[in-house]
Each structure stands twice: as structure tokens, then as C-alpha cells.
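Our numbering puts the first residue of the sequence shown at -4, with every later residue one more than the last. The beta carbon of each residue, even a glycine, is placed where N, CA and C say it ideally should be. Please read the structure below before turning to the comments.
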Amino acid sequence: RITNRGKNAVSAVATPLGKYKAQVYNAIGARWLYYVKNQMDVLAIGSARVSFAVTSAGRVRDIRVEGNTANASFAEVCERAIRDAEISQPPAGSLDQMRAGRLEYTITFTLYNFRE
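In C-alpha cells, the structure reads:
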């Protein structure tokens, strides 16, 4: 989960793959917060659930918004944060844990009202 309030929640185990997943979430979260701050005036409060895959080369593929309670601008910011995040290649030891050479992710982005 990535939000504009509190800490991002990442279930990361102290393994190379767990650390890599935390890096992916942090890279996306940093981009998302930047875009949210710059476009707050057009974003609606709510959540968007977005799925995507990262290939063994570190490329993001198949970004899909699976649910959105905010507006289209919010969903676009979430997609853009994933697309623009600087994601490195997964660690070599994780290849056996990939499905068809990909790591699958689903992230729920939530934007809260700053005034609450």
C-alpha cells in the first residue's frame, strides 16, 4: 500500500527478493508522492489498485488499473509513477521465483484529504 499519509507498508522479508520488492515499492512511492504534490488540484480523494509485472531485465510491463474510487487523473498518476520509477533488475537468485520471467505486483495507492 502506498499513501500520502504515514509510512508505506511493505511486507519485505530479509531476503534478496524481499529487499528488491521493498526497493520497487520505494521507487514507485517516491515518484507517486512527487506527482501527487504537483497535481493535487486535479486529483480526487480515494484509492486505485494497480497491477503490473517487472521482467528479469527490470522493465515494467502490463500496467492495469484494477479498481479506482478516485478519478481518472488519480489513476493516471498511479500508472505514471509505476511507468517512470527507476527499477533495477531483480536479483539473480530470484529467477526461480518468477513466473514466465516476470515478478507480478499489485499496489493499492490511497490519497487522503490533507485537511483531516
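Buried or exposed by the 16-neighbour rule on C-beta atoms within 10 Å, applied to residue i
{"i": "Glu111", "result": "Note on Glu111: pLDDT 49, under 50, position unreliable in the model; no value is reported."}
{"i": "Tyr107", "result": "exposed"}
Residue i to residue j span [Cα, whole Å]
{"i": "Val72", "j": "Ala9", "result": "30 Å"}
{"i": "Thr101", "j": "Met35", "result": "23 Å"}
{"i": "Ala95", "j": "Gly53", "result": "14 Å"}
{"i": "Gln92", "j": "Ala17", "result": "16 Å"}
{"i": "Gly13", "j": "Ala48", "result": "16 Å"}
{"i": "Arg26", "j": "Ser51", "result": "22 Å"}
{"i": "Ser89", "j": "Glu81", "result": "19 Å"}
{"i": "Val37", "j": "Glu74", "result": "16 Å"}
{"i": "Val19", "j": "Ser68", "result": "23 Å"}
{"i": "Arg97", "j": "Pro11", "result": "16 Å"}
{"i": "Glu99", "j": "Arg59", "result": "12 Å"}
{"i": "Ile23", "j": "Thr105", "result": "13 Å"}
Beta-carbon proximity of residue i to residue j, cut-off 9 Å
{"i": "Arg44", "j": "Asn63", "result": "yes"}
{"i": "Tyr15", "j": "Pro86", "result": "yes"}
{"i": "Ser46", "j": "Glu61", "result": "yes"}
{"i": "Ala65", "j": "Ile40", "result": "yes"}
Helix, strand or coil at residue i [DSSP, three-state]
{"i": "Arg54", "result": "coil"}
{"i": "Ala43", "result": "strand"}
{"i": "Ala9", "result": "coil"}
{"i": "Tyr140", "result": "Here the chain covers residues -4 to 111 and nothing more, so residue 140 does not appear."}
{"i": "Tyr107", "result": "coil"}
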